[in-house]
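Notes to accompany the following structure.
2 protein chains.
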Amino acid sequence: MDANQFREFGRAVIDMLASYAENIRDYDVLPSVEPGYLLRALPESAPEQPEDWKDIMKDFNQSIMPGVTHWQSPQFHAFYPSGSSFASIIGNMLSDGLAVVGFSWMASPACTELEVVTMNWLGKLLDLPEEFLNCSSGPGGGVIQGSASEATLVGLLVAKDKTVRRFMNNNPDLDENEIKAKLVAYTSDQCNSSVEKAGLLGSMKMKLLKADADGCLRGETLKRAIEEDKSQGLIPCYVVANLGTTGTCAFDPLHELGPICSEEDIWLHVDAAYAGAAFLCPEYRHLMKGIEHSQSFVTNAHKWLPVNFDCSAMWVKNGYDITRAFDVQRIYLDDVKTTIKIPDYRHWQMPLGRRFRALKLWTVMRIYGAEGLKTHIRQQIELAQYFAKLVRADERFVIGPEPTMALVCFRLKDGDTITRQLLENITQKKKVFMVAGTHRDRYVIRFVICSRLTKKEDVDYSWSQIKKETDLIYSDKIHNKAQIPALEQFTSRELCEKSK
Amino acid sequence: MDANQFREFGRAVIDMLASYAENIRDYDVLPSVEPGYLLRALPESAPEQPEDWKDIMKDFNQSIMPGVTHWQSPQFHAFYPSGSSFASIIGNMLSDGLAVVGFSWMASPACTELEVVTMNWLGKLLDLPEEFLNCSSGPGGGVIQGSASEATLVGLLVAKDKTVRRFMNNNPDLDENEIKAKLVAYTSDQCNSSVEKAGLLGSMKMKLLKADADGCLRGETLKRAIEEDKSQGLIPCYVVANLGTTGTCAFDPLHELGPICSEEDIWLHVDAAYAGAAFLCPEYRHLMKGIEHSQSFVTNAHKWLPVNFDCSAMWVKNGYDITRAFDVQRIYLDDVKTTIKIPDYRHWQMPLGRRFRALKLWTVMRIYGAEGLKTHIRQQIELAQYFAKLVRADERFVIGPEPTMALVCFRLKDGDTITRQLLENITQKKKVFMVAGTHRDRYVIRFVICSRLTKKEDVDYSWSQIKKETDLIYSDKIHNKAQIPALEQFTSRELCEKSK
Chain A
1 MDANQFREFG RAVIDMLASY AENIRDYDVL PSVEPGYLLR ALPESAPEQP
51 EDWKDIMKDF NQSIMPGVTH WQSPQFHAFY PSGSSFASII GNMLSDGLAV
101 VGFSWMASPA CTELEVVTMN WLGKLLDLPE EFLNCSSGPG GGVIQGSASE
151 ATLVGLLVAK DKTVRRFMNN NPDLDENEIK AKLVAYTSDQ CNSSVEKAGL
201 LGSMKMKLLK ADADGCLRGE TLKRAIEEDK SQGLIPCYVV ANLGTTGTCA
251 FDPLHELGPI CSEEDIWLHV DAAYAGAAFL CPEYRHLMKG IEHSQSFVTN
301 AHKWLPVNFD CSAMWVKNGY DITRAFDVQR IYLDDVKTTI KIPDYRHWQM
351 PLGRRFRALK LWTVMRIYGA EGLKTHIRQQ IELAQYFAKL VRADERFVIG
401 PEPTMALVCF RLKDGDTITR QLLENITQKK KVFMVAGTHR DRYVIRFVIC
451 SRLTKKEDVD YSWSQIKKET DLIYSDKIHN KAQIPALEQF TSRELCEKSK
Chain B
501 MDANQFREFG RAVIDMLASY AENIRDYDVL PSVEPGYLLR ALPESAPEQP
551 EDWKDIMKDF NQSIMPGVTH WQSPQFHAFY PSGSSFASII GNMLSDGLAV
601 VGFSWMASPA CTELEVVTMN WLGKLLDLPE EFLNCSSGPG GGVIQGSASE
651 ATLVGLLVAK DKTVRRFMNN NPDLDENEIK AKLVAYTSDQ CNSSVEKAGL
701 LGSMKMKLLK ADADGCLRGE TLKRAIEEDK SQGLIPCYVV ANLGTTGTCA
751 FDPLHELGPI CSEEDIWLHV DAAYAGAAFL CPEYRHLMKG IEHSQSFVTN
801 AHKWLPVNFD CSAMWVKNGY DITRAFDVQR IYLDDVKTTI KIPDYRHWQM
851 PLGRRFRALK LWTVMRIYGA EGLKTHIRQQ IELAQYFAKL VRADERFVIG
901 PEPTMALVCF RLKDGDTITR QLLENITQKK KVFMVAGTHR DRYVIRFVIC
951 SRLTKKEDVD YSWSQIKKET DLIYSDKIHN KAQIPALEQF TSRELCEKSK
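Protein sequences, first through last, are from chains A and B. Per the working numbering: the first sequence ends with 500, consecutive numbering throughout. Per the working numbering: the second sequence ends with 1000, consecutive numbering throughout.
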């Protein structure tokens, strides 16, 4: 394919993507395919000869599109949003066109430095403590990771390295492996599965402490767990606080957890994967009270901000903590001496290679402006509140917990089984996509405003579908005198998460 | 930015990227900027108000482009290639436009299934043993990881999990942490830094065994290390064999290492990040003799194949090994039962989230066809051989080791210091970018055909620059009667790698 064919193909795809966004309401949010549909539809081997781009587009429309779950559909209310925007698509096009690998400054100075610049911009917009910013006088700074999962694991590995060093410095006779075996991490039982997985991957016991009735991990609970473990000779090392849990968007009180971590010299990592974007707006910043006690903070720009996956924005207070843990030294590229201020980002992450991801963050922040991003967040919250109003006006439903951010959890008053039946029926129709959660041991349906394209009329449409299915269930019930089966019991955590 | 503005902006960027590829020879491969140039050039904060896309393009051209190292330039001969192509850029545009997150089948059936299909296609093209393919009767399969670093770490963590299970099954009284502390991994001292880092991140001692004079890890060396460690009560667990080392593209003899690993029940992971793409061509497949003994294999489609980062193609013989180690169970999404044949890919990787990366692999394989991809590999090797011929015709130079793939290592006969001076002078001129390596304790310059755009005339140009700088060094030497300083000694490994 030469440059001119690319111009042709590229323009066709630009047009197609623009039309996709314009006409996305024409698609059912959920696809009507069975497992294996594409394995059967496509050839078993790659073509021998080059093919024409028009054939590829034809197959894309005929075979791929029917199997797509439309995350950008205004009727997608499941999990949490998958960030996307025209600005971000363009940023990635620029990145792919240059196709640089930014593992060191020299490998592409602009790649490293634009990441420093944009992470300072975003950090300031979120009003993070200055210590987290590269432009402060200290060794803090931001880095784009591939996912919140990765950020949580990076934090855990760095905390492990730091704690082991501290213990060995104080007791040079101690065995490194013995120390490692005693390390413990803590989080809430409302955490995302990726937090539990970080413990698994990083070989550290991750204790899921019981959250309170509102889904929050309280300081007292953490304090008790730490004391108990210390009395048994274990070494508390890492705490992951959740600002906006996946299940119900609950906020752990950082002002309770933080001082405990500071006192005990425990690395506090803040997982604000979804809700962190709300700190763009001053009216939500009270939810991060206590942030000054944390060592690292992550929010997924690719979630609630309109930046395409992957763009996990992570900040640390001390970049040396990371580079000490991750630097596998080679003297290969000694031509340019860089510092913590112009980072060699390969030492800030697990892999060596890295794309020019800052470009999409840059195009998004410029095309939207700070004002545009705040408006995006506020509008999504307003739409959720509008939905909550609709639900509240229908006496068959109850809302709980009190909605936060762009998430509304609701259920039928008549119980868990009928609520689950309702969700199943709605999902079967494929017009609206929501998933379940639990709150105070009750089964709830999670409704999240996800798509940047969602308008008031879309919420009306989703609600009309929910109402229609509810009417159907109740009319069936009356006709068939069906009994609601006994309540099936789920633990809170079993149903609480998925989407990071 | 609405859909129409996106059409405008998008077309402008398509044109710009097409022109970039057409006119890439107008740029110096290396930028002329100093550390901090962009931090000084850009505003300290994000704009408050939305900006016009034309201003963004202006700043891209004025501020970003001058700081770009042009990895796609025909004069980029450093590290290894960063894969890219028009077809791949388009594939990513499609992926970004849909912006799905494919952590489960239901989250986007097409995303999961196209990955299964394309990984089967590629596995067949590489002639991997059938057991690695999803379309075989067994539990094997392919998965796209973010980087070879990640694949190596995934292999290590799975090997650890499997070995610990085996030991605990055989000796239920053993302490899990004690077993973990005894696990050992092996690789060659020519390995990429990411392999060493995998040991660091995965908390497993990674022993870098001495390669032979040709840079290959021999079976005898591995056998001796294993026996020694076993006699000390350690548990050999994981071996990373390198097919195409970063330094000199040496190939570890799998037919020597493989049987040892099989006999000792050690997980053998094959890191063919760069050179694996050559197995598209039957004439190079002898280099993977013994592959049947391996448990996992990775090659970076984003390296020597024209697929944009990130697309690390990894295959495993037994998918259950991975899912057992990585599955953090939730019953949240129990609506669709999938199997190892229709994988829930979140259990095949470290993070939870994942993009629709199979799209770019699909567009590339279709636009190139198997023939086109083979031609790409063969042409790049031919160009390297042509370069080697040019070097051999100049008596001041010597080549070594014998070139493999698209890499030629060469040095001045007059010694390491003058060779290093030559590389420094060339780099300073910014017209040609190469980096150093070592071979048999001599400093060598690595010349890799990297860009898909490189033609014979480009090789002529690069060689003319190398010759010009060589002439200058020798004329200076004669005029100044400068002495060549004593040979500075580097260890092989210190200089061997960077680019994965």
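Just so you know, even glycine gets a beta-carbon here, dropped at the ideal spot from N, CA and C. These figures come from a predicted structure and were not determined experimentally.
Residue i, buried or exposed, once every other Cβ within 10 Å from all chains shown has been counted against 16
| i | result |
| --- | --- |
| residue 786/B | exposed |
| residue 820/B | exposed |
| residue 835/B | Model confidence at residue 835/B stands at a pLDDT of 45, short of 50, so the residue's coordinates are unreliable; what they give is reported in the following sentence. Exposed, because fewer than 16 other Cβ atoms sit within 10 Å of the Cβ of residue 835/B. |
| residue 502/B | exposed |
| residue 916/B | buried |
| residue 4/A | exposed |
| residue 503/A | Any answer about residue 503/A is impossible in this case: the structure gives chain A only from 1 up to 500. |
| residue 393/A | exposed |
| residue 252/A | buried |
| residue 833/B | Its pLDDT being 42, under 50, residue 833/B is placed unreliably in this model, and the value from its coordinates should be taken loosely. Residue 833/B is buried by the Cβ-count criterion. |
| residue 178/A | exposed |
| residue 669/B | exposed |
Extent of the continuous beta strand (DSSP E) run through residue i
| i | result |
| --- | --- |
| residue 324/A | Looking at the DSSP string, residue 324/A is not in any beta strand (DSSP E); the run it does join, the alpha helix (DSSP H), is 319 to 326. |
| residue 739/B | 735 to 742 |
| residue 410/A | 407 to 412 |
| residue 267/A | 267 to 271 |
| residue 949/B | Unbroken run through residue 949/B: none, as it is neither H nor E. |
| residue 814/B | 812 to 816 |
Identity of the residue in the options nearest residue i by Cα
| i | options | result |
| --- | --- | --- |
| residue 195/A | 695/B, 827/B, 910/B and 775/B | 827/B |
| residue 451/A | 444/A, 292/A and 459/A | 459/A |
| residue 342/A | 274/A, 133/A, 441/A and 190/A | 133/A |
| residue 283/A | 367/A, 217/A, 404/A and 177/A | 404/A |
| residue 161/A | 325/A, 302/A, 179/A and 190/A | 325/A |
| residue 454/A | 151/A, 384/A and 137/A | 384/A |
| residue 654/B | 734/B, 670/B, 704/B and 869/B | 704/B |
| residue 121/A | 477/A, 67/A, 423/A and 362/A | 362/A |
| residue 690/B | 673/B, 711/B and 794/B | 711/B |
| residue 164/A | 152/A, 400/A and 181/A | 181/A |
| residue 937/B | 920/B, 967/B and 896/B | 920/B |
| residue 208/A | 201/A, 221/A, 468/A and 323/A | 221/A |
| residue 423/A | 440/A, 55/A, 275/A and 444/A | 444/A |
Residue interval of the alpha helix (DSSP H) (run including residue i)
| i | result |
| --- | --- |
| residue 761/B | 754 to 764 |
| residue 223/A | 219 to 231 |
| residue 668/B | 648 to 670 |
| residue 9/A | 3 to 22 |
| residue 143/A | Note, residue 143/A: premise wrong, no alpha helix (DSSP H); beta strand (DSSP E) at 141 to 145. |
| residue 779/B | Element bounds for residue 779/B: n/a, residue is neither H nor E. |
Cutoff 9 Å: residue i Cβ touching any chain E Cβ
| i | result |
| --- | --- |
| residue 947/B | Protein chains A and B are contained in the structure displayed, whereas chain E is not. |
With a cut-off of 8 Å, do at least 3 Cβ pairs link the region 93 to 104 of chain A to the region 646 to 653 of chain B?
-> no
Which residues, in chain order, does the region 65 to 78 of chain A contribute to contact with chain B at a C-beta distance below 7 Å?
-> 67, 68, 69, 71 and 72
Which residues, in order along the region 614 to 626 of chain B, keep a beta-carbon less than 9 Å from a beta-carbon of chain A?
-> 614, 616, 617, 618, 620, 621, 622, 624 and 625
For the region 363 to 384 of chain A, enumerate the residues whose C-beta is nearer than 8 Å to any C-beta of chain B, in chain order.
-> 363, 365, 366, 367, 368, 369, 370, 371 and 372
Answer yes if the region 251 to 270 of chain A comes into contact with the region 103 to 122 of chain A, meaning at least three C-beta pairs across the two stretches below 8 Å, and no otherwise.
-> no
Can you find at least 3 beta carbon pairs, one from the region 775 to 782 of chain B and one from the region 908 to 915 of chain B, that sit closer than 8 Å?
-> no
Below 9 Å between beta carbons is the criterion; list the residues of the region 527 to 539 of chain B that meet it against any residue of chain A, in chain order.
-> 530, 531, 533, 534, 535, 536, 537, 538 and 539
Is the region 66 to 79 of chain A touching the region 579 to 592 of chain B in the sense that three or more CB pairs, one from each, lie closer than 8 Å?
-> no
Mind checking the region 44 to 55 of chain A against chain B and listing, in chain order, the residues whose C-beta falls within less than 8 Å of any C-beta there?
-> 44, 45, 46, 47, 48, 49, 50, 51, 53 and 55
Taking a Cβ distance cut-off of 7 Å, strictly less, list which residues of the region 951 to 964 of chain B are near chain A, in chain order.
-> none
Can we say the region 561 to 575 of chain B touches the region 524 to 540 of chain B, given the rule of at least three CB pairs closer than 8 Å?
-> yes
Please confirm if the region 614 to 630 of chain B is in contact with the region 34 to 46 of chain A, defined as three or more CB-CB distances below 8 Å between the two stretches.
-> yes
Please list the residues of the region 343 to 364 of chain A that have a C-beta atom closer than 7 Å to any C-beta atom in chain B, keeping them in chain order.
-> 350, 351, 352, 353, 355 and 363
Any contact of the region 751 to 765 of chain B with the region 787 to 801 of chain B, i.e. 3+ C-beta pairs under 8 Å?
-> yes
If contact means a Cβ-Cβ distance below 8 Å, which residues of the region 511 to 524 of chain B contact chain A?
-> 511, 513, 514, 515, 516, 517, 518, 519, 520, 521 and 522
Closer than 8 Å, Cβ to Cβ, to anything on chain B: give me those residues from the region 125 to 146 of chain A, in chain order.
-> 125, 135 and 146
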